[in-house]
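Chains as they are written, first to last, in the numbering used here: chain A, 2 to 783; chain B, 50 to 211. Before any comments, here is the structure.
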């Protein structure tokens with residue numbers, strides 16, 4: 002592999018700038034004449050706007066302009082869209098209500114933007130925003146999705162009667178019902194997946210710059226996919242044609258899904274820059290982030306799992322209600338459908354599955370993909386159900402899983418997915434060994450002598466990454482293709498630039514993508530630069546989410562490297578008067594195999610550009626591009642084990658150990674992969690133990706709108722983790738990569754809740770398992 | 050408006066700002082030192098930690114005027130002569146950062162933590178003392194490892210020097 006090639010634990014190239022304060026995030030950007038924006042936001046969860054009076058605000062010191070939704074509408078700026086069409090089981094298309102970037106008739110959640118104030122300073126803009134008088138007529142509110150479906154509840158959008166967006170199903174209802182009717186045992190459980198706020202540490206920000214000289218727009222933004230932002234803003238929002246709009250996502254401080262979407266603020270700041278004639282920068286504060294960043298999860302599901310007399314699963318029936326909030330965010334419809342119900346087979350051979358999903362409007366922030374996006378919901382549901390079933394059937398949780406594992410591949414599930422490779426016994430064995438599962442009984446007895454309740458729980462997850470063949474997702478309703486692009490430019494001195502449509506916001510692409518090049522050509526990674534995040538530099542890309550940068554983004558780089566390698570070998574063969582099939586590339590040299598003849602890499606590159614002595618008919622230069630469209634999803638899988646101690650006096654849960662055994666296929670940089678797992682585990686543990694978005698059901702006010710109220714995991718809430726990997730290479734991409742970005746957040750919540758419920762001897766417990774809830778459950782009858 | 054003079058990263062600086070201006074905004078906007086970050090509004094996240102007269106403080110809950118005459122060190126002032134500070138080097142060697150946004154605050158907090166404990170740190174102490182710094186990327190695993198590694202090296206270096 003070489004010291005810097007594939008598989009090497011290389012320290013990150015990008016670290017120096019972050020460690021010395023030289024990172025360049027959107028809020029760090031400053032251009033001449035730049036002014037500052039503050040949004041006037043609705044204090045009500047549901048209200049009619051009678052009027053907006055900005056007269057006083059416009060007269061305040063430093064104010065450049067105050068603009069509202071009627072002006073935005075008059076200028077032809079379009080509605081925000083949901084980019085994935087889902088049809089209900091009756092064949093009708095999803096019922097999408099209008100989402101205006103600035104509301105001018107109705108506000109539907111606390112934080113809905115109604116006007117923008119542009120001023121010389123943030124403080125002056127804030128002062129003026131306070132002076133904008135909006136006359137609201139309050140309307141009744143509903144925040145709970147199940148309640149919103151009932152008769153007589155407040156109606157959010159006229160397009161969606163009873164707030165129902167779609168009523169969708171997957172699988173075979175008749176076969177599943179038949180299996181349940183014939184079962185030796187049926188486990189029934191209700192599963193709540195709590196609503197979360199993604200909380201990347203960098204709040205969202207945008208800088209909109211209109212250049213009247215060229216009628217050109219530049220948008221700096223905190224985006225995971227700047228090219229998609231440009232496409233959507235051009236094609237749907239009518240901000241500017243693509244050739245007149247440059248989108249730059251510079252250093253981005255975490256995303257976790259919440260920075261996939263195109264939010265109102267980007268659109269409005271670009272428009273306001275043209276309207277006011279000044280560059281306009283907006284930076285979210287943390288409260289705005291809690292109010293307006295897309296939330297995640299918020300599912301309520303009823304589950305029936307049917308077993309035969311040999312404890313084999315013969316059917317699974319799921320009925321889910323998913324809260325999508327006040328508006329349909331960009332990929333909100335895909336999350337509780339094709340990213341969720343298609344994973345309900347888990348690691349198990351289940352002959353019949355039926356899932357029904359109803360999605361619902363409520364007076365809450367829009368809900369969309371958050372780290373894992375549908376797969377955490379599927380995994381939590383399945384693995385809580387498996388644990389419950391094991392307890393009911395009186396078998397060990399490991400045995401119940403082993404009885405049902407899929408062991409032959411490819412495996413077609415009843416819910417679309419075709420698993421290509423895996424070894425679920427290997428990760429279960431590795432996790433049980435690392436956790437000393439067999440020694441648990443003694444540890445439990447020892448804890449009991451101290452008056453503590455010790456519990457252990459496992460979770461065997463599977464997920465789908467590398468989304469996905471474009472034709473396949475297109476047939477399922479996706480509005481975009483999900484390929485990736487790359488370009489490899491070899492400079493005349495032999496240094497290399499790799500342009501990629503993937504976007505790094507913590508994942509370390511500047512290092513791992515360079516490792517691919519070092520591995521291929523034997524050049525140092527310091528001679529390789531990764532270029533990303535700028536639509537003027539990289540032609541097109543689909544961005545980073547769904548753990549797709551390795552499986553899809555790097556595969557595009559590999560395809561481009563193949564082309565560069567082929568041309569480089571032709572040039573070298575010509576220079577050395579050898580046959581190109583005899584050329585090998587090693588340690589930065591092109592050699593004629595079996596001889597001492599060689600040409601240094603830089604000399605070959607220089608020859609490509611001097612073009613004095615190239616093979617007849619060859620174009621000068623050395624630059625190749627490629628698009629890669631995956632052949633299948635990838636299927637990372639693994640087993641997580643959590644051991645806890647609960648203090649029965651206080652209900653406080655202490656995590657004693659957390660073990661993760663993952664199969665990510667081949668790995669480019671184990672250090673970075675481990676870091677991704679650690680971070681995912683922390684977010685999953687946060688969901689299970691600490692985090693939860695709460696709205697007041699009466700008035701729709703967000704009660705968890707700061708770090709004083711929303712419990713982010715802190716260092717002393719978490720243990721150090723024990724992580725390991727096994728490897729069944731992914732057969733569908735050239736690198737054999739599956740993806741590692743989300744696994745930790747997907748697999749960990751059920752392991753933790755299974756451990757706590759094991760400790761307290763009561764299976765009725767919802768996330769987050771706060772001390773109050775755990776204490777109550779520990780002291781209640783099961 | 051107030052005119053404020055202080056020493057930042059060894060250099061005397063002056064600037065005009067509103068009386069209500071926070072130190073973090075003075076550092077970022079007036080001085081253009083954008084390594085110090087703002088991640089929340091409630092002094093919880095610690096992305097804004099700098100050193101004032103040698104001790105770590107949250108620059109989001111300090112007025113610029115309160116820092117008049119003080120000696121401030123920001124993340125930009127930590128590396129000397131182009132060499133990473135041992136804490137910065139340990140974060141790099143141990144993958145103690147991902148997106149980099151909380152990193153300046155984490156590093157400044159860690160430097161002060163190691164100084165106060167004289168290099169004698171254990172995992173429980175490091176985790177307890179990171180209470181005021183939130184990271185969403187790393188799960189803290191490698192941050193804790195980085196700080197312990199730096200403490201060991203700096204403690205060791207101190208012993209060697211004595």
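A virtual CB, placed ideally from N, CA and C, is assigned to each residue, including glycine.
*asked:* Using a 10 Å radius around the Cβ and a threshold of 16 neighbouring Cβ atoms, would you call residue 611 of chain A buried or exposed?
replied: Classified as exposed, residue 611 of chain A has fewer than 16 neighbouring CB atoms from the shown chains inside 10 Å of its CB.
*So, residue 720 of chain A versus residue 669 of chain A, is the Cβ gap smaller than 7 Å?*
Residue 669 of chain A is positioned such that its CB atom lies no closer than 7 Å to that of residue 720 of chain A.
*Which chain B residues are close to residue 857 of chain A, counting only those with a beta carbon under 7 Å from its beta carbon?*
Because residue 857 of chain A is not part of the residues shown, which for chain A are 2 to 783, the question remains open.
*What residues in the segment 108-126 of chain A bring their beta carbon closer than 7 Å to a beta carbon of chain B?*
Flagged, chain order: 124.
*Where residue 58 of chain A and residue 69 of chain A are concerned, what is the direct C-alpha to C-alpha distance, given to the nearest angstrom?*
When rounded, the distance between both Cα atoms is 13 Å.
*asked:* Just checking: is the beta-carbon of residue 869 of chain A within a distance shorter than 7 Å of some beta-carbon in chain B?
replied: Here chain A covers residues 2 to 783 and nothing more, so residue 869 of chain A does not appear.
*Any idea what DSSP makes of residue 196 of chain B, helix, strand or coil?*
Reduced to three states, the DSSP call for residue 196 of chain B is helix.
_Same chain, Cβ closer than 7 Å to residue 682 of chain A, neighbours up to 5 away in sequence not counted_ = Its chain contains 659, 661, 722, 745, 749 as the residues whose beta carbon lies nearer than 7 Å to that of residue 682 of chain A, once the 5 sequence neighbours on both sides are disregarded; these appear in chain order.
_Residues of chain A with CB closer than 8 Å to the CB of residue 141 of chain B, please, in chain order._
Neighbourhood of residue 141 of chain B in chain A, by CB distance below 8 Å: 12, 13, 16, 17, 20, in chain order.
*Counting contacts by CB-CB distance shorter than 7 Å, is residue 471 of chain A in contact with chain B?*
No, no contact with chain B.
*Can you name the residues of chain A whose CB is closer than 8 Å to the CB of residue 144 of chain B?*
Going along chain A in sequence order, the residues near residue 144 of chain B (Cβ under 8 Å) are 12, 13, 672, 673, 675, 676.
*Just the C-alpha distance for residue 432 of chain A and residue 640 of chain A, rounded to the nearest angstrom, thanks.*
If I take the Cα positions, the gap works out to 6 Å.
*Test: residue 75 of chain B CB closer than 7 Å to a CB of chain A*: It does not; no Cβ of chain A falls within 7 Å.
_Spatial neighbours of residue 177 of chain A in its chain, beta-carbon cut-off 6 Å, leaving aside the 5 residues before and after_ = Apart from sequence neighbours up to five positions away, the residues of its chain that approach residue 177 of chain A with a beta-carbon distance below 6 Å are 316, 318, 353, 355, ordered along the chain.
*Counting only runs that start and end within the segment 610-662 of chain A, where is the beta strand (DSSP E) found for 3 or more residues in a row?*
For the segment 610-662 of chain A, the continuous beta strand (DSSP E) assignments of 3+ residues that do not extend past its boundaries occur at 624-629, 638-647, in sequence order.
*Where the alpha helix (DSSP H) through residue 766 of chain A begins and ends*: Counting along the chain, residue 766 of chain A falls outside any alpha helix (DSSP H), and DSSP gives it neither H nor E.
*Taking buried to mean at least 16 other C-beta atoms within 10 Å of its own C-beta, is residue 44 of chain A buried or exposed?*
Result: exposed.
*Going along chain A, which residues have a C-beta under 8 Å from residue 132 of chain B?*
What residue 132 of chain B touches in chain A: nothing, since even the nearest Cβ is about 11 Å away.
*State the Cα-Cα distance for the pair residue 645 of chain A and residue 456 of chain A, rounded to the nearest angstrom.*
Approximately 5 Å between the Cα atoms of the pair.
*Is DSSP giving residue 413 of chain A helix, strand or coil here?*
In the three-state scheme derived from DSSP, where H, G and I count as helix and E and B as strand, residue 413 of chain A is classed as strand.
*residue 683 of chain A touches chain B at which residues, Cβ-Cβ below 9 Å?*
Ordered by position in chain B, the residues that pass the 9 Å Cβ test against residue 683 of chain A are 184, 185, 186, 187, 188, 189, 190.
*asked:* Residues of the segment 148-163 of chain B in Cβ contact with chain A at a cutoff of 7 Å, in chain order, please.
replied: Look at the segment 148-163 of chain B: the residues with a C-beta under 7 Å from a C-beta of chain A are 148, 149, 150, 151, 152, 153, 156.
_Proximity of residue 261 of chain A and residue 225 of chain A at Cβ, strictly below 7 Å_ = For the 7 Å CB-CB criterion, residue 261 of chain A and residue 225 of chain A form a contact.
*In the DSSP assignment, find the beta strand (DSSP E) that holds residue 56 of chain B and state where it starts and stops.*
From DSSP, the beta strand (DSSP E) with residue 56 of chain B extends over 51-57.
_For residue 291 of chain A, three-class secondary structure by DSSP_ = In this structure, DSSP gives residue 291 of chain A a helical state, which the three-state scheme calls helix.
*What are the residues that DSSP puts in a beta bridge with residue 65 of chain B?*
DSSP lists B/52 as partners of residue 65 of chain B.
*Determine contact between the segment 200-212 of chain A and the segment 123-130 of chain A, defined as no fewer than three beta-carbon pairs at a distance below 8 Å.*
Contact fails: fewer than three Cβ-Cβ distances are below 8 Å.
*asked:* With a threshold of 8 Å, are at least 3 pairs of Cβ atoms found where one atom belongs to the segment 20-37 of chain A and the other to the segment 132-146 of chain B?
replied: The segment 20-37 of chain A and the segment 132-146 of chain B touch, with no fewer than 3 CB-CB distances between them shorter than 8 Å.
*State the Cα-Cα distance for the pair residue 561 of chain A and residue 624 of chain A, rounded to the nearest angstrom.*
Looking at the two C-alpha atoms, the distance is approximately 9 Å.
*If you run the structure through DSSP and keep just helix, strand and coil, what is residue 357 of chain A?*
Strand at residue 357 of chain A.
*Closest Cβ-Cβ distance between residue 448 of chain A and chain C: below 7 Å?*
Absence of chain C from the displayed structure is noted, the protein chains being A and B.
*Using alpha carbons as the reference points, say which of A/351, A/119, A/140, A/394 lies closest to residue 130 of chain A.*
Answer by Cα proximity: A/119.
*asked:* Can you tell me where the beta strand (DSSP E) holding residue 25 of chain A begins and where it ends?
replied: Neither: residue 25 of chain A is in no beta strand (DSSP E) and is coded neither H nor E.
*Which residues mark the beginning and the end of the beta strand (DSSP E) in which residue 104 of chain B is found?*
Under the DSSP assignment, residue 104 of chain B falls in the beta strand (DSSP E) whose first and last residues are 104-107.
*Along chain A, in chain order, which residues have C-beta atoms closer than 7 Å to that of residue 124 of chain B?*
Correct list: 21, 22.
*Option nearest residue 211 of chain A by Cα separation, candidates A/642, A/268, A/67*: For residue 211 of chain A, the closest alpha carbon among the candidates A/642, A/268, A/67 is that of A/268.
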